[in-house]
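End of the sequence shown sits at 320 in UniProt numbering; the numbers just go up one at a time, nothing left out.
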Amino acid sequence: MNTAELHVVLGGTGAAGSALVRELARQGKLVRAVSRSQKGDLPTGAEWKRADVMNAEALREAVRGASVVYLAAQPAYHRWPQEFPALIENVLTALPSPETKLVMVDNLYMYGPVTGSIHEGLPHAATDRKGRVRAEMTERLLSAHRSGLARVAIGRASDFYGPGVEASVADLNFFRKIASGRTVQWPARLNQPHSLSFVEDYARGLAILGERDEALGRAWHVPAAEPLTGRQFIELVAGEAGVTARPGMVPKALIRMVGFFNPSAREFGEMFYQFENAHVLDGSNFTRTFNFAPSAHREAVRVTLAWLRNHDARTAVLTG
1 MNTAELHVVL GGTGAAGSAL VRELARQGKL VRAVSRSQKG DLPTGAEWKR
51 ADVMNAEALR EAVRGASVVY LAAQPAYHRW PQEFPALIEN VLTALPSPET
101 KLVMVDNLYM YGPVTGSIHE GLPHAATDRK GRVRAEMTER LLSAHRSGLA
151 RVAIGRASDF YGPGVEASVA DLNFFRKIAS GRTVQWPARL NQPHSLSFVE
201 DYARGLAILG ERDEALGRAW HVPAAEPLTG RQFIELVAGE AGVTARPGMV
251 PKALIRMVGF FNPSAREFGE MFYQFENAHV LDGSNFTRTF NFAPSAHREA
301 VRVTLAWLRN HDARTAVLTG
């Protein structure tokens, strides 16, 4: 194990964070997962520390001694505009030194609706609140890099799926429904290509950004496998689960109605454009620079189904 460098993952028990903790530990890194509560088992080589990232003093203690800090923590979905800017400032202030690397977990919201593939050279043209917040975060982080406050890299992904992923369009409940032969809902349109990021691939990409100095000072799109339509992805999962695919569709009007009572649904409604037309991530810059190849969807789906079966079996034993 490499004991000279400490890698700290803020939000280390969430979907992206826990996948990153596993990947760093697999590489033999010394890893600290930071969150307000511990969920599940940690891999060998990883420790857990309780801290609230909105508490500046606790955060400074949590990242003490870190060579690389990965920011995978985030506020509640409907609280981004109110809380994300303060979170970013807390993290920048808490870093042990200006030489500390800071790798940001990011998405594609800042671009807004895009015609054609989504690449890093596009303007940050989002008009929705969450997209504007993401754009402002990018500028603040890269400004901190330019001023020498930190050494920053940003890794962007599309919608996640895979082990531990919850609250995503293709989350674990989506896989559970398909595997049990039930109808599963896809937003807006079933025939539009949509990039889906396998969370374990994304974790590999983030680890590269924390390792390679040439990654610093810019945002990168971590590659995903080829885009599939909602119908194609549902049929792929159903085929691997050995059941008949039962694709359904969620209309925007329903999301709007639910949004009157559910803040998260209301916020998701703002992002519905991502499913009404093609939403295709271009990760070619990352591929060329770091010789990176994402997992094929079929293999990633098999890994996810196997993880889900094991997880649900263990949960049944513990609760039964």
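Glycine residues also receive a C-beta, built at the ideal position from the N, C-alpha and C atoms.
Three-state secondary structure assigned by DSSP to residue i
i    : result
S117 : coil
Q192 : coil
K177 : helix
E166 : coil
P85  : helix
A33  : strand
T127 : coil
D171 : coil
Beta-carbon proximity of residue i to residue j, cut-off 7 Å
i    : j    : result
R64  : K49  : no
F233 : V199 : no
P227 : F292 : no
L190 : R246 : no
L59  : V68  : no
G17  : A72  : yes
A15  : G205 : no
A179 : A296 : no
P193 : A300 : no
Residues that residue i bridges to, as DSSP identifies them
i    : result
M104 : L71, I154
V250 : P187
V9   : A33, Y70
S143 : The partner list for S143 (beta bridge, DSSP) is empty, contrary to what the question assumes.
L228 : H194
E47  : R32
Distance between residue j and residue i (C-alpha atoms, nearest Å)
i    : j    : result
N2   : F84  : Note that N2 scores a pLDDT of 42, beneath 50, so its modelled location is shaky and nothing firm can be said.
I88  : E139 : 11 Å
Y109 : H124 : 9 Å
L6   : E276 : 43 Å
P187 : R36  : 32 Å
R212 : G248 : 43 Å
Does the pairing of the region 210-223 with the region 171-187 give three or more beta-carbon distances under 8 Å? no
Mind the definition here: the region 127-146 touches the region 277-293 only if three or more C-beta pairs lie below 8 Å; say whether that holds. no
Below 8 Å, can you find three or more Cβ-Cβ pairs linking the region 151-160 to the region 235-242? Because the criterion of three Cβ pairs below 8 Å is not met, the region 151-160 and the region 235-242 do not touch.
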